[in-house]
Amino acid sequence: MDEVVQAVENVEKEWDQTVLQIQEHVKAIEGCGKSGKGTEEANSLPRLNGAAQDGLASLRSMQFRLDLLSQQLPTIEKSQSAYSTLELWKKQYQK
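Counted the way the numbering used here counts, the sequence shown spans residues 3 to 97.
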């Protein structure tokens, strides 16, 4: 398999994992204050927020990497597929 194709697949897998992690952080943030553990949750809120922000920064980095990789793919079809994925990611990121 071409190295660029493999790199694109790796970025796509990393994207999916990062999105899941961010969703978990957001759910944890939304749950703060609902379980009655006020001080404990208040202390973890900045950490959760920071982790979610780090995840968002990682997603932006992955968009940039996919954009660069898509231009190096061996076929037009693969390049167009990567570009479509990139457009989908941009929409997903803006949610």
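Even for Gly, the Cβ is constructed at its ideal location relative to N, Cα and C.
*Whole alpha helix (DSSP H) elements within the segment 10-96, 4-residue minimum*: Every alpha helix (DSSP H) stretch that sits fully inside the segment 10-96 and reaches 4 residues is listed by chain position as 40-72 and 78-96.
*Determine the direct distance from the alpha carbon of residue 75 to that of residue 14, and round the result to whole angstroms.*
As a first step, residue 14 is located in the sequence shown; it is residue number 12 there, counting from the start. As a first step, residue 75 is located in the sequence shown; it is residue number 73 there, counting from the start. C-alpha of residue 14 to C-alpha of residue 75: approximately 14 Å in a straight line.
*Please say whether residue 65 and residue 95 have beta carbons closer to each other than 8 Å?*
The count along the sequence shown starts at 1 and reaches residue 95 at position 93. The count along the sequence shown starts at 1 and reaches residue 65 at position 63. Their beta carbons are under 8 Å apart, which means residue 95 touches residue 65 by this criterion.
*Rounded straight-line distance, which links the Cα of residue 73 to that of residue 20*: Start at 1 with the first residue of the sequence shown, and residue 20 comes out as number 18. Start at 1 with the first residue of the sequence shown, and residue 73 comes out as number 71. Residue 20 and residue 73 have their alpha carbons spaced roughly 23 Å apart.
*asked:* Can you give me the C-alpha to C-alpha distance between residue 63 and residue 36, rounded to a whole angstrom?
replied: Taking the first residue of the sequence shown as 1, we reach residue 63 at position 61. Taking the first residue of the sequence shown as 1, we reach residue 36 at position 34. In a straight line, the C-alpha of residue 63 is about 34 Å away from that of residue 36.
*Burial state of residue 68 (16 or more Cβ within 10 Å)*: Here the question's residue 68 lines up with position 66 in the sequence shown. Buried, because 16 or more other Cβ atoms sit within 10 Å of the Cβ of residue 68.
*Contact check, residue 24 vs residue 52, beta carbons under 8 Å*: Start at 1 with the first residue of the sequence shown, and residue 24 comes out as number 22. Start at 1 with the first residue of the sequence shown, and residue 52 comes out as number 50. In this structure, the beta-carbon distance from residue 24 to residue 52 does not fall below 8 Å.
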